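Take the position in the sequence shown, starting the count at 1, then add 168; the result is the number in the numbering used here. Presented below is the structure to which this report refers.
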Amino acid sequence: MERLKDVLTRTKTKIDTAFRDIAFPDTNMLESTNEAMYYMLNLGDGGKRIRPAIVFAISEGFNGDTQQAFEFAKAVEFIHTYTLIIDDIQDNDAIRRNAPTCHIKYDVNTATLAASRLFEEGLYPYHKYCQDIELFRKLNNQLHKGQCADLNAESWADDMVSLPHLQFIHSGKTSALIQIAILGGCISSKLSEQEVNKLLNYGYYLGLAFQAKDDILSKTETTESLGKPAGEQADENKLTYPSLFGSVESAQIEANKLAEKAIANLNEFENDSVAVLEELARFTVQRRR
């Protein structure tokens, strides 16, 4: 995991520094969306910055344009932060990274507007550099559909509770955002359509594995260690891998299988180009937070 650790460390330093120094235009005393955006981008310790690290891992692995990669790395973290704000509002969560969530620190309206502006900022590099904008549009649509399905699942009848429906939720909530990061890395590296599709398939399964492990951690870890609600009440009424598979142990077996499916999509690449991505898939299902 040494290569992954190196990329994660360098990415976190680079993104944390950029966001500590970030200045949004037209700041004034009449509104607080800029303040809320800044607060969320730097919340807690800034998080692990995994999605920007994916951009850099691909760009570095395939000798991509470093400046474009940096633009995409920041953009995907804008979009990720947007999803965190919306998710916390919809779940009515009070803490994120052991700090007040955006809508608690400010208010729901300010948080919603801050999320909207972060999302719009994140779109810019994709519209600027993406030659197949329909592909980005498809991933973006799936991101929102998965979140909506997650909310609806709380009132689904028993016959709606199934693995395909759970995977539809996660393919949007988690996989699509990882795939958006992957797309940024691919664009900055000018990869072929075949290479892009292979890496996007990797991202699909990586996202499912990542969310499955998140579901497991919500059951097995504490609120303090995760920095967000955890324990028996955290996912109450939600469709999760442990609830569907009947136990944390069975859910972990499924998560491991999903990680291996992700790795299988890397087999056609030179090992050095995708070594970090393989390590990331294994880390995803072994992590403790």
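Note that beta-carbon positions come from the ideal geometry of N, C-alpha and C, so glycine has one too. Just so it is clear, the structure is predicted and the values come from calculations on it, not from any experiment.
Would you identify the three-state DSSP class for residue i, choosing helix, strand or coil?
i	result
residue 178	helix
residue 264	strand
residue 249	helix
residue 298	coil
residue 197	coil
residue 365	helix
residue 184	helix
residue 373	helix
residue 203	helix
residue 240	helix
residue 309	helix
residue 449	helix
residue 330	coil
residue 254	helix
residue 284	helix
On a CA-only basis, which of the options is nearest residue i? Give me that one, please.
i	options	result
residue 313	279, 291 and 251	251
residue 310	228, 197 and 345	345
residue 255	220, 228 and 284	284
residue 343	321, 370, 325 and 267	370
residue 406	433, 319, 441 and 414	319
residue 296	330, 260, 286 and 240	240
residue 340	184, 317, 323 and 325	317
residue 418	299, 453, 234 and 434	453
residue 275	260, 289 and 223	260
residue 245	424, 267, 205 and 277	205
residue 267	193, 213 and 201	213
residue 449	217, 457 and 423	423
Below 8 Å between beta carbons: does that hold for residue i and residue j?
i	j	result
residue 447	residue 171	yes
residue 249	residue 209	yes
residue 431	residue 353	no
residue 237	residue 360	no
residue 292	residue 262	no
residue 220	residue 190	no
residue 351	residue 286	no
residue 229	residue 444	yes
residue 381	residue 455	yes
residue 279	residue 257	yes
Just to check my reading of the structure: residue i and residue j have Cβ atoms closer than 8 Å, yes? What is that Cβ distance to the nearest angstrom?
i	j	result
residue 253	residue 282	6 Å
residue 377	residue 426	4 Å
residue 372	residue 273	In fact, because the Cβ distance is near 34 Å, the residues do not count as touching under 8 Å.
residue 333	residue 375	Actually they do not touch by this definition, with Cβ atoms about 16 Å apart.
residue 331	residue 412	7 Å
residue 383	residue 409	4 Å
Is any beta-carbon of chain D found at less than 8 Å from that of residue i?
i	result
residue 387	Protein chains in the displayed structure number just one, and chain D is not present.
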